[in-house]
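*Asks:*
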Amino acid sequence: MTETRPATADARGFLAPDGKGLFGWIFSTDHKRIGLLYMYAILTFFLVGVALGVTIRLELLAPGETIISAQAYNALFTLHGVIMIFLFIIPGIPAIFGNLFLPIHIGANDVAFPRLNLLSWWLYMTGALLALGSLFGSAGFPDTGWTFYVPFSTQTTTNVPLAVFAVFILGFSSILTGINFVTTVHRLRAEGMGWGRLPLFVWALYSTAWVQILATPMLAITLVLVILERLLGAGLFDPAKGGDPIMFQHLFWIYSHPAVYIMILPGMGIVTEIIPVFARKPVFGYWAIAFSSIGIAAAGSLVWGHHMFVSGMSDMAILVFSLLTFIVAIPSAVKVFNWVATLYKGSISLDPPMLFALSFIFLFSIGGLTGLILGAAATDVHVHDTSFVVGHFHYTMFGGTGFAFFGGMHYWFPKIYGRMYNKKIAAAAWGIMFAGFNMLYFSMMILGLRGMPRRYYDYLPEYTGLNVVATVGSWILAAGLLLMFINLFRGARSGGPCGANPWGGRTLEWSLASPPPAENFETPPVVTHGPYDFEEGPARP
Amino acid sequence: MSEQQHPAVPYRTFVIVWALLLVLTAITVAVSRIHLGALNIWVALGIASLKSALVIFFFMHLKYERLLFKLLLLLALVTLATFIGLTFFDVLYR
Amino acid sequence: MNPSAISTTEAVDFVFLYIFGISAVMLLGITATMIWFVVKYNRKRHPQPQPSPHYNILLEAVWTVIPTLIVLTMFWYGWEGYTTLRDVPADALEVRVTARMWSWTFTYPNERTSDRLVVPAGRAVKLDIVSEDVLHSFYVPAFRIKRDAVPGMTTHAWFRAPEPGSYDVFCAEYCGVAHSQMITTVDALPEHDFEEWYRQETAEEEAAEGEKLLAKHGCTGCHSLDGSPSVGPTFQGLFGRQVTVLTDGKERALTVDADYLERSIRQPQADLVKDYPAIMPSYEGKIPQHDLEEIIEYFRKTGAGTAGKKGGQELLKEKGCLGCHSTDGSPMVGPTLKGLFDRQVTVEKGRETLTLTAGADYLRESIRHPKAAIVKGYPPVMPDFADLPEEELEALVEYIKELR
Amino acid sequence: MNDAGHPPVHKDYTGAKLGMWLFLFTEVLLFGGLFVLYSVYLHRYPREFAAAAAELNLTLGAANTVILLTGSLLVAVAVSAVRLGNRKLAQWMLWGGVLSGVLFLVNKYLEWSTEIRHGIYPNSPVLLQKEQGEIVFFGLYYITLGLHGLHVLIGAVLLAVMAVWVATGAVNRDDFVKLENSGLYWHLVDLVWIFIFPLYYLLL
Ligand code: HEA
Ligand code: HEA
Ligand code: CUA
Ligand SMILES: [Cu+2]
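Protein chains in written order, with this note's numbering: chain P, 27 to 567; chain W, 13 to 106; chain U, 24 to 427; chain R, 5 to 208.
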């Protein structure tokens, strides 16, 4: 990032070596390089998490001890949860695609605080390595589940403080990204880029950033209290000393419920970008989708109590939280309807990003609709803490955010690398994953309805059949995922050139070369049309 | 500097605000020595809010910033209040 | 709605079917529309998009308001069903549920305890749930009920087993290494079988019986039951105790046994315990043989040296040991107790590993402070029993000795 | 900020301040978590809280209030001074701010060491003898005031750096946003104390 180079001179844009080797990357303040740094780190941790998930399934193939001990299993699902939540899905889309494209989308040359952005990546790496580091202490990795519920987490002899501290640091990284994005959107929009011309991905990230800013500190203080409880025994959650363990759950979910919208909103943003492009239609109901993002962020902050329906919380609170939970389903429904309406009278091409986007709608709807069963007080009592919940959140997180993430990878891949992957293989990988996914998690939902609790290392023989189906599903899913990554990897190394705008998108990144030049826009752009105006101007390059 | 900055605030304003803050501190201590029952805590919180408003609007220049800043601060405070309020649906009725 | 007219299972299942039905229709509708559009407007068939409005206020309003109304009904039925789970029928049998790592104990109104929840079929049962350590959750899938056990507070749930049978009980809140082993059953018996089970005399009741007899015959006027000194020697831990008596003016030491007790009741002056005045009246002919036998039986049960106030076996169950240790040699979370006594064990003490013999002292220490020495290959998860009363500790050790 | 790889066209003051305010919101919510707990436990143990609060040293608490308010005044004046070109005054004021932070911490040290000498600290045998509500009160007291003390420390260091920068001219009448943001942070520390003081020292 030292010399200014004409955009066309080097076809490799911001990827071109700047003579500083690795340091040119890990100390770069260029938002695109930071985005890619995040991508490589996050995908690595994702693969670790995935390997753990498959191991969990293998253990659950049969009742009793199959491959690992009970203690190892408990550490395993804790690590799986912590990695997937805090290292993959919360930072995932904002830190990768947000960093890469949010400034470009609004016609800026970088985010508002580039150095803070780099710091945020370093914090992420520190937190991630600490989290994995707690694996190796003599005390063993925490066995608390990703929820760290007291009093168990203050009593277990495993290495809880280190893991909790790691999550604390990851929280800071997330906060810094949020502050950066809000400021960027407010201050750095190009001329002509009014609020009504923001790509909806930006609206989604903007809403997400607010949740990151306002909810994450709650997690931070909660985790500090767990560490202090272990070190000092202050007794804030200890009933013997007048504390209340249920208050921990309140504090934890005040963050962690909004966190699920930190996970899904950016995914919805990606889907909202993909659908209009591949249907050649302006998105239907721009303002409805924009405001539903805000609506989800706002209403989502009011419903944390639905994780505590059987916790011993008061019935009045259950009434209120159950009602609010149903309210938060409305903006999601509005989004779904608008997406489907966008397809109407379009010219739809089923390229790989579109396959992921459409299957997102299906899988997220299943995840969301099962959320309604969880949100109703009566039914939640039965399915709380069973495999049903596990099914619900894998549908929303993996089927929702995960598939949107993969969709985004396939959508922006040519822009990032200037090359194209093999579309046929990508479609095949998608098909395999889709099949394996449903086999895996739909079985888990039925298991849950039949009463199998979650976090169970061992189960009664009557649950064996569906567990076998689920485990076989995980192998199919694994095969699809492997195929997808191999295909993308090969595309990045040796795919054919793809030009500036292979999909015919109208948002600003497609007006730049692929990969984009280091300084984005040589002259500040002046925006004259909305992000989805396919009727005006050339639809195809 | 490419945009309008509000002019520097005169020292006098700050000194007046500071004096007010000290007076309010004295009042809150004095009031707290009178037994008013549950009212005590609300009076204390009321005075504290007044004091923080003074700090925020003058020392922190919020009075001179654009409307956006005021709205965002309101958003943050409302969020915190909501967190406490909703928690009380549990605590009050348990 | 009369809360007791409908069972918890019915209440929950209705809500489930309601939400599930609407959801299935919605999902099918959305998916079908999507596929239809994709087929109809496929680029091959439909190379150019056709203009159509970018928004439609009416449409937005419709698909905001209708889902709102739908979810509000879902909320309402959900809440209604939930109130059924909360409104305990007035005639419910009340059972206390104690959760601990990793076992359940059920205590009945007559203080009878059990590790299975035995209930009368057809009758409502109210559960008062408490926890001794961390969070647990009492879950019976068949009755659709679940409630956390929270240390420091009592939570409630109720159910009615429709017919006799055995229903699984799980712990649904993660609680550590044996969370998935923390399972038991609800055993629903026909009403009269239950009554029989419920009435069965428990050890405590027998004790209470014995104490009643002692009071009836005026013994407790001079002898305490709790070890405090009185006119005569205390009855606490009497059986098996070493005493020094004066027989015909000569001191001799003996161990209290049934013969001695019978003699001392019939002719108190025959063997007079040293340092006590010779004032006890003779009960020869004044006490029915049956009562005498009962009393001696009572002494035998509460004496020192024997199994103590509660049998070791019972204690193992009650303290939750059996949640982690088997008595039949099968491996569980912790080492089996069978043949443990005098076994060679390899333990980790701090940083060193040593092999030692599991003698009585080792057992005592391992119960009181388990984490001081962890048997190799087992997780350090056993809670401390530092406050266990001395006689219960001894009873446990005695019992483990016998498990060969 | 000029590290985006472009020549500094202009400094976005509003952007920088917006970022700082957003950061302050996160601080408010960080303490907010503790205030959630405080309000819940105050509701549950009103009597015990009052009894425990009466054991705190009101004089030291009130003194610290005055110290922090004055520190805030000095820093506010410093910002205006820099903008009016009075660098000397600004430096004096900033060092005064640092001094107020140090005084505050000294006071805190005195207060805590007395309490600890009386055997009152988290999980102490003396404390555990007390009523449950009092144990919780003191647990919250130590954690909240400890966290606040940490912020005072950070704020004081920031002010010292600013004082140096004013001296070297790195902060000047045309480029003062760093100072203004540090000032915002310092005032936040004051704000939190404004609530801590009545909630912990003045309960009856
Ligand atoms: C990406 C993450 C994500 C998302 C988006 C959601 C979305 C929702 N979740 Fe989920 N949830 C999790 C992740 C997520 N959840 C996780 C991780 C847990 C478990 C945590 C743990 O314990 O470890 C959990 C647990 C969880 C619980 C607690 C369960 C329990 O432990 O007992 C509940 C209860 O209410 C719930 C509800 C909901 C609801 C109502 C939504 C809604 O937002 C869904 C809205 C969407 C729709 C409704 C579908 C789309 C709309 C249509 C198809 C149109 C038709 C719709 C209508 C007519 C309404 N979730
Ligand atoms: C984004 C979030 C996310 C994702 C993507 C996943 C992905 C998976 N999860 Fe995850 N899961 C969670 C978040 C997630 N999980 C959370 C939060 C919990 C709760 C934890 C808790 O209770 O505290 C949980 C709990 C959880 C459980 C419940 C454990 C229990 O309650 O006992 C199970 C059980 O089957 C499971 C399975 C899986 C599987 C099989 C995958 C699979 O989808 C993975 C798919 C991928 C593959 C099949 C692998 C393909 C690739 C390879 C094989 C190559 C490997 C290569 C290298 C390593 C180089 N998960
Ligand atoms: Cu007890 Cu899980
Ligand atoms: Cu939630």
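Think of the CB as a built atom: it goes at the ideal place given N, C-alpha and C, for glycine as much as any other residue. In this text the structure is predicted, and so the values were computed from the model without any measurement.
1. Jot down the residue ranges of each uninterrupted alpha helix (DSSP H) in the stretch 424–495 of chain P, minimum 4 residues, whole runs only, in chain order.
2. Any heavy atom of ligand 3 within a distance shorter than 7 Å of the CB on A180(U)?
3. Measuring alpha carbon to alpha carbon, tell me which of V495(P), I392(P), A192(P), G517(P) ends up nearest M435(P).
4. Please classify N100(P): does DSSP put it in a helix, a strand, or coil?
5. Does the stretch 148–166 of chain P come into contact with the stretch 186–205 of chain P, if we say contact requires no fewer than three beta-carbon pairs (one atom in each stretch) closer than 8 Å?
6. Please go through the same chain and pick out, in chain order, the residues whose beta-carbon is closer than 6 Å to the beta-carbon of G107(R), but skip the five residues on each side of it.
7. Locate the beta strand (DSSP E) running through Y197(U), then write down its first and last residues.
8. Provide the residue(s) that pair with S154(U) in DSSP beta bridges, ordered along the chain.
9. Using a Cβ-Cβ distance cut-off of 8 Å, determine whether L503(P) contacts chain W.
10. Does the structure place the stretch 82–102 of chain U close enough to the stretch 377–391 of chain P that three or more beta carbon pairs sit under 8 Å?
11. Is T369(U) helix, strand or coil when you go by DSSP?
12. Under a three-way DSSP split, which group does T128(U) fall into?
13. With DSSP run on the structure shown, which of helix, strand or coil describes A94(R)?
14. Which residues neighbour ligand 4 when neighbourhood means a C-beta less than 6 Å away from any of its non-hydrogen atoms? List them by chain order.
15. Mind listing the chain R neighbours of A60(W)? Cutoff is C-beta to C-beta under 7 Å, in chain order.
16. Leaving out the 5 sequence neighbours to the left and right, which residues in its chain are closer than 8 Å to L82(U) when beta-carbon positions are compared?
17. Could you tell me which chain P residues have their CB closer than 8 Å to the CB of Y105(W), listed as they occur along the chain?
18. Verify whether the separation of the beta carbon atoms of A325(P) and V354(P) is less than 8 Å.
19. If you measure between the beta carbons of P541(P) and L69(P), is that distance less than 8 Å?
20. At a Cβ threshold of 8 Å, is V346(P) touching chain B?
21. So with Cβ pairs under 8 Å, would you call G268(P) a contact of chain R?
22. Indicate whether the contact test is met: 3 or more Cβ pairs, each with one atom in the stretch 113–120 of chain R and one in the stretch 76–95 of chain R, closer than 8 Å.
23. Beta-carbon within less than 6 Å of F194(P)'s beta-carbon, same chain only, minus the 5 sequence neighbours each way: which residues are those?
24. List the residues of chain R whose Cβ lies closer than 7 Å to the Cβ of K63(W), in chain order.
25. Please determine whether the Cβ atom of H106(P) lies at a distance below 7 Å from any heavy atom of ligand 5.
26. Apart from the five residues on each side of it in sequence, which residues of its chain come closer than 6 Å, Cβ to Cβ, to T270(U)?
27. For the alpha helix (DSSP H) holding E31(R), just list the boundary residues, first then last.
28. Around the Cβ of T91(W), are there at least 16 other Cβ atoms within 10 angstroms (buried) or fewer (exposed)?
29. Considering only the beta carbon of each residue, do Y221(U) and F193(U) sit closer than 8 Å?
30. Can you give me the C-alpha to C-alpha distance between Y558(P) and F317(P), rounded to a whole angstrom?
31. Listing by chain order, which chain P residues have their CB less than 9 Å from the CB of C347(U)?
32. Beta carbon of I53(U): closer than 7 Å to some heavy atom of ligand 1?
33. Against S2(R), what residues of chain W qualify as contacts under a CB-to-CB distance less than 8 Å, listed in chain order?
34. Mind listing the chain U neighbours of G477(P)? Cutoff is C-beta to C-beta under 8 Å, in chain order.
35. Straight-line CA distance for W51(P) to R213(P)?
36. I'd like to know whether the C-beta of G171(P) is nearer than 8 Å to at least one C-beta of chain U.
*Replies:* In short:
1. 429–443, 449–475
2. In the third sequence, residue 180(U) corresponds to position 157, counting from 1. The answer is no for A180(U).
3. Position 409 of the first sequence holds residue 435(P). M435(P) has its Cα closest to that of G517(P), out of V495(P), I392(P), A192(P), G517(P).
4. Here residue 100(P) is taken as the residue at index 74 of the first sequence, counted from 1. It is helical.
5. yes
6. Here residue 107(R) refers to the residue found at position 103 of the fourth sequence. According to the sequence provided, residue 107(R) is Leu. The question's Gly does not apply to it. These residues qualify, in order along the chain: I71.
7. Residue numbering aside, residue 197(U) sits at position 174 when the third sequence is read from its first letter. Y197(U) -> no beta strand (DSSP E), and no H or E assigned at all.
8. In the third sequence, the residue the question calls residue 154(U) occupies position 131. Answer is A122(U), P174(U), bridged to S154(U).
9. In the first sequence, the residue the question calls residue 503(P) occupies position 477. Cβ-Cβ to chain W under 8 Å: no for L503(P).
10. no
11. Taking the third sequence and counting its residues from 1, one reaches residue 369(U) at position 346. DSSP places T369(U) in strand when its eight states are reduced to three.
12. By one-based count along the third sequence, residue 128(U) stands at place 105. Of the three classes helix, strand and coil, the one that applies to T128(U) here is strand, per DSSP.
13. Here residue 94(R) refers to the residue found at position 90 when the fourth sequence is read from its first residue. Correct three-state label for A94(R): helix.
14. H283(P), V286(P), H332(P), H333(P)
15. Locating residue 60(W) in the second sequence gives position 48, where the first residue counts as 1. Per Cβ cutoff of 7 Å: I198, F199, P202.
16. Position 59 of the third sequence, counting from 1, holds the residue named residue 82(U). Nothing meets the Cβ criterion.
17. The residue labelled residue 105(W) in the question sits at position 93 within the second sequence. Neighbours of Y105(W) on chain P, chain order: S340, D341, M342, A343.
18. Within the first sequence, numbered from 1, the residue matching residue 325(P) stands at position 299. Within the first sequence, numbered from 1, the residue matching residue 354(P) stands at position 328. The answer is yes: Cβ separation under 8 Å.
19. Here the question's residue 541(P) lines up with position 515 in the first sequence. Here the question's residue 69(P) lines up with position 43 in the first sequence. Their beta carbons are not under 8 Å apart, which means P541(P) does not touch L69(P) by this criterion.
20. Going by chain labels, chain B is absent from the structure shown, which instead holds the protein chains P, W, U and R.
21. Indexing the first sequence from 1 puts residue 268(P) at position 242. True, the Cβ-Cβ gap to chain R drops below 8 Å.
22. no
23. Within the first sequence, residue 194(P) is the residue found at index 168, counting from 1. Closer than 6 Å at the Cβ level, and outside the excluded window around F194(P), lie A246, L249.
24. Numbered from 1 along the second sequence, position 51 holds the residue referred to as residue 63(W). Residues of chain R passing the Cβ test: I198.
25. Ligand 5 is absent from the structure shown, which contains only ligand 1, ligand 2, ligand 3 and ligand 4.
26. Position 247 of the third sequence, counting from 1, holds the residue named residue 270(U). Closer than 6 Å at the Cβ level, and outside the excluded window around T270(U), lie D294.
27. Counting from one through the fourth sequence, the residue named residue 31(R) turns up at place 27. Note, E31(R): alpha helix (DSSP H), 17–48.
28. On the second sequence, position 79 is the one that residue 91(W) refers to. Per the 10 Å Cβ criterion, buried.
29. Position 198 of the third sequence, counting from 1, holds the residue named residue 221(U). Position 170 of the third sequence, counting from 1, holds the residue named residue 193(U). Taking 8 Å as the Cβ cut-off, Y221(U) and F193(U) do not qualify as a contacting pair.
30. Translated into the one-based positions of the first sequence, residue 558(P) becomes position 532. Translated into the one-based positions of the first sequence, residue 317(P) becomes position 291. Whole-angstrom Cα-Cα distance: 17 Å.
31. Residue numbering aside, residue 347(U) sits at position 324 when the third sequence is read from its first letter. Within chain P, no residue comes near C347(U); the closest Cβ sits about 11 Å away, beyond 9 Å.
32. One-based indexing of the third sequence puts residue 53(U) at position 30. I53(U): yes, Cβ under 7 Å from ligand 1.
33. Outside the modelled stretch of chain R, which goes from 5 to 208, sits residue 2(R), for which no answer is possible.
34. The residue you call residue 477(P) lines up with position 451 of the first sequence. Under the 8 Å cutoff, chain U gives Y162, P164, A165, D191, F193.
35. Along the first sequence, read from residue 1 onward, the residue named residue 51(P) stands at position 25. Along the first sequence, read from residue 1 onward, the residue named residue 213(P) stands at position 187. Distance between the alpha carbons of W51(P) and R213(P) is about 26 Å.
36. Within the first sequence, residue 171(P) is the residue found at index 145, counting from 1. Answer yes: the Cβ-Cβ gap between G171(P) and chain U drops below 8 Å somewhere.
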